[in-house]
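Chains L, C, V, U, A and S, in that order, are what the protein sequence lines are.
Residue numbers for the first sequence follow my numbering, beginning at 1 and rising by one.
Residue numbers for the second sequence follow my numbering, beginning at 1001 and rising by one.
Residue numbers for the third sequence follow my numbering, beginning at 2001 and rising by one.
Residue numbers for the fourth sequence follow my numbering, beginning at 3001 and rising by one.
Residue numbers for the fifth sequence follow my numbering, beginning at 4001 and rising by one.
Residue numbers for the sixth sequence follow my numbering, beginning at 5001 and rising by one.
Note that beta-carbon positions come from the ideal geometry of N, C-alpha and C, so glycine has one too.
Quick caveat: nothing in here was measured; it's all calculated off a predicted structure.
First up is the structure itself, then whatever we jot down about it.
Protein chains: 6
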Amino acid sequence: MSVWPMLEDDEMPEASRAVADDIRQTRKTDFLNNFWRVLANDPALMKRTWESLKEIMSPGELDPLAKEMIYLAVSISNSCDYCISSHTAAARAKGMSEAQLGELLSVVGMASETNRLASALQVPVDEAFRRPPKASNSPKGE
Amino acid sequence: MSVWPMLEDDEMPEASRAVADDIRQTRKTDFLNNFWRVLANDPALMKRTWESLKEIMSPGELDPLAKEMIYLAVSISNSCDYCISSHTAAARAKGMSEAQLGELLSVVGMASETNRLASALQVPVDEAFRRPPKASNSPKGE
Amino acid sequence: MSVWPMLEDDEMPEASRAVADDIRQTRKTDFLNNFWRVLANDPALMKRTWESLKEIMSPGELDPLAKEMIYLAVSISNSCDYCISSHTAAARAKGMSEAQLGELLSVVGMASETNRLASALQVPVDEAFRRPPKASNSPKGE
Amino acid sequence: MSVWPMLEDDEMPEASRAVADDIRQTRKTDFLNNFWRVLANDPALMKRTWESLKEIMSPGELDPLAKEMIYLAVSISNSCDYCISSHTAAARAKGMSEAQLGELLSVVGMASETNRLASALQVPVDEAFRRPPKASNSPKGE
Amino acid sequence: MSVWPMLEDDEMPEASRAVADDIRQTRKTDFLNNFWRVLANDPALMKRTWESLKEIMSPGELDPLAKEMIYLAVSISNSCDYCISSHTAAARAKGMSEAQLGELLSVVGMASETNRLASALQVPVDEAFRRPPKASNSPKGE
Amino acid sequence: MSVWPMLEDDEMPEASRAVADDIRQTRKTDFLNNFWRVLANDPALMKRTWESLKEIMSPGELDPLAKEMIYLAVSISNSCDYCISSHTAAARAKGMSEAQLGELLSVVGMASETNRLASALQVPVDEAFRRPPKASNSPKGE
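This is how it looks when you write it as structure tokens:
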């Protein structure tokens, strides 16, 4: 059972209801998943979370599927069961094949392994991995 | 200082030296980073790690840059400083722009935030996120 | 199902029963939660855990609700479902309002996000954050 | 060395410079810490992060010191060295005594211990920890 | 419900079926646990994972029970419920007594506590903990 | 620089000095590592931590080296640099060979990998892994 109740639309505070409407409109679906129905108990938290998420997941330099797969990889690393379920579904909806999921899992597993080896052995960072000089390095640099 | 010494090529056990050669050949570079120079102290561990990594990072369903970015996202989630440095460098070498890195960081940060919210509120998984029926779901299904 | 059985009072080893009695007396309640009923299978582990907890949660420099909220924040960060449930309940029992819980979640989520950004970007610590000179810094300083 | 350069004010993109000004004004100090100087390389990320942080850390139901201590507890749990330094400093600036820090550390340590015990033993959640009925539970309920 | 279906033997791709046979033969049992039945959906991932695991868990410098207990300790630290169940069972099958499990839990809990204290207090590494000179330090050193 | 100063013996509060003496006597060495010199700033925290540690690491059902290796495995999983250094040193002092360290690392790495796979795929726990009936299961069962 969730810590806060899952609210039906007509149980939501007005401010949360407005956020719910924007989620549906942005995602072009009537479906509103449980995460938002629980967050709706705290309108300020729901609004801030959605607005950040909306901005981050909107079209940019990375394609939408790549973003979903990164989101899923982090959710696995954080052992968040709900998030693994929701972002596996979202990635599939954005076109992730099961073979791609298999590769994602392979990379996540391998990274988890080598992360621990590098930490355990306290490997010093190679000089060659230091960032290039400023000019070419800035995200907005020309 | 690393837990095991960083070995120069002529200090490596023969079996490790062979792995080092394969790493260089596969990556088409003479450069061998510190992670491998430390792992070289244990030839079996070095060989197994490299062979898994080589298989996972070889061409497949995901493009090489996507794999590197997933690798980096996991390394950030695991707070592995060495791995963050090496995989940021690797992703840049494979074409990651600084604007793409900015988006990756945005997704990793947002996922870390919503992962904690979903866990804290113990949100139950939506029925709609359950996997589709077997036939269409299998990685190798037709 | 728990790894060790949940023991009723009359199933506990005598040493565990004595700890259970002290828990009830300290907390001024007859209720003994499952965590202790499972730990009761190992009297030494139960006793040591309780005695540390009792000392830490007793009145001190921080008020009891602040301590419970810190306990909850750590439990969320560690993805411990049982602990999230028990410490959310404990914090509510000590007076945490739902609006306060909402703020706690906001802080935990935000910290999780900026923690990852700071690690990913390998931001060097500011000189200004170094601790002040010894005299004024000691916990027991005069 | 940070992944992105630490920008002086006159090196920042205009949009980042505006955020920097707001940080200084809000905090009533000229000092701008390295975290923001690095984030300034990506104005959108810097702006979104600051606006969320500003909203979350503004006066609310929890007192500012309690929020800082929760922030610090999460940073410790995530092994973020930079964040531990900056939020220890921030909590001290908001009045945290060294004795209070000692208690915070005691709670964080104890929670980390019992979190692992509860997970390892797979203790089922007590019925008594389930949330109370809806009416009294809503964050905005009266 | 698992993300991929749990495959019966006759549903597995041929390559996965061969791995399943090797698992049974190596472990001298007909029982194949769910982890492998799910991984069987991706033959390459299943094969690589099993071959690494088989090599690592085969007789070596550490006795099999010690390896299982280390595996369990990591699974607890990563909050992996499935892995906690499977490796608690495996350790018991290899002779772990309940009293030994109690000590393992005590060590895991204590380490989790002191890990956080050391990170929080940013304790510098003692010179005495640096590794001894190369000759005597190499895993294969004579 | 540590958050609290590293205290020389004559700078320690009397209660901390007594703990330091007990550490030296128990470990039969004059050497006191930095972890304790920093904790010494808070006598209650130092005393409670040491007394728990002393009890846990004293002779029991597991041999001292096995305990140290479990301690090290958890420290690696928690990315605690200080703890990795100190417990690698402690395990070596108790007889861990470099080949044994290599196997420990192999197990930690492999567990980290399969933990993530099992969580990502949401594998349900096998019925066969449920604990045996009560009588034979109790740590103190006859």
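Is the distance from the Cβ of residue i to the Cβ of residue j below 8 Å?
i         : j         : result
VAL1060/C : GLU103/L  : Note on residue identity: the sequence assigns Gly, not Val, to residue 1060/C. Yes, Cβ-Cβ distance for GLY1060/C and GLU103/L is below 8 Å.
TRP4036/A : ALA4020/A : yes
ALA2118/V : VAL1108/C : no
SER77/L   : SER1079/C : no
LEU2039/V : THR2029/V : no
SER3052/U : SER52/L   : yes
ILE70/L   : ILE1070/C : yes
Applying a beta-carbon distance threshold of less than 8 Å, which residues of chain V neighbour residue i?
i         : result
MET5001/S : ARG2130 and ARG2131
GLU5055/S : ALA2044 and ARG2048
ALA3120/U : VAL2003
Distance check for residue j and residue i, CA to CA, integer angstroms please.
i         : j         : result
SER2058/V : PRO4013/A : 59 Å
MET2046/V : ARG1130/C : 39 Å
ARG5024/S : LYS5054/S : 12 Å
ALA3066/U : LYS2094/V : 15 Å
LEU4105/A : ALA4073/A : 8 Å
PRO124/L  : SER1086/C : 11 Å
ASN4115/A : SER3075/U : 13 Å
ALA18/L   : MET3110/U : 41 Å
TYR2082/V : PRO3064/U : 28 Å
THR1088/C : ASP1126/C : 35 Å
ALA2090/V : LEU5062/S : 35 Å
GLU4008/A : ILE2056/V : 51 Å
ALA4044/A : MET6/L    : 41 Å
PHE31/L   : ASN4041/A : 30 Å
ALA3153/U : GLU68/L   : Only positions 3001 to 3142 of chain U appear in the structure, and residue 3153/U is not among them; the question remains open.
ASP5022/S : ASN5033/S : 13 Å
THR1026/C : GLU4011/A : 36 Å
ALA3128/U : ARG92/L   : 38 Å
Given that residue i touches chain C, what residues does it touch there, using C-beta distances under 7 Å?
i         : result
PRO124/L  : SER1002 and ASN1034
GLY5102/S : ASP1042 and LEU1045
Using the beta-carbon of each residue, which ones in chain A are nearer than 8 Å to residue i?
i         : result
SER1052/C : ARG4048 and SER4052
ALA5015/S : None at all; the shortest Cβ gap to chain A is about 18 Å.
So which residues of chain U does residue i contact, with C-beta pairs closer than 8 Å?
i         : result
GLY2095/V : Going along chain U, no residue has its Cβ under 8 Å from GLY2095/V, so there is no contact; the nearest lies around 11 Å.
ASN5078/S : SER3079
Roughly how far, in whole angstroms, is the beta-carbon of residue i from the beta-carbon of residue j, given that I think they are within contact range, below 8 Å?
i      : j         : result
SER2/L : GLN1122/C : 5 Å
Please list, in chain order, the chain L residues whose beta carbon lies closer than 8 Å to that of residue i.
i         : result
ALA1066/C : ALA66 and MET69
Check the Cβ of residue i against every Cβ in chain S and list those closer than 7 Å, keeping chain order.
i         : result
SER4075/A : ALA5111 and ASN5115
GLU4061/A : SER5097, ALA5099, GLN5100 and GLU5103
Going along chain U, which residues have a C-beta under 7 Å from residue i?
i         : result
SER1106/C : LEU3045
Cβ closer than 8 Å: which chain C residues qualify as neighbours of residue i?
i         : result
LEU39/L   : LEU1117 and LEU1121
ILE2084/V : SER1119, ALA1120 and GLN1122
THR5029/S : Chain C residues near THR5029/S: none, gap ~22 Å exceeds 8 Å.
Starting from the beta carbon of residue i, find every residue of chain S whose beta carbon is closer than 9 Å, and list them in chain order.
i         : result
ALA4089/A : ASP5126, ALA5128, PHE5129, ARG5130 and ARG5131
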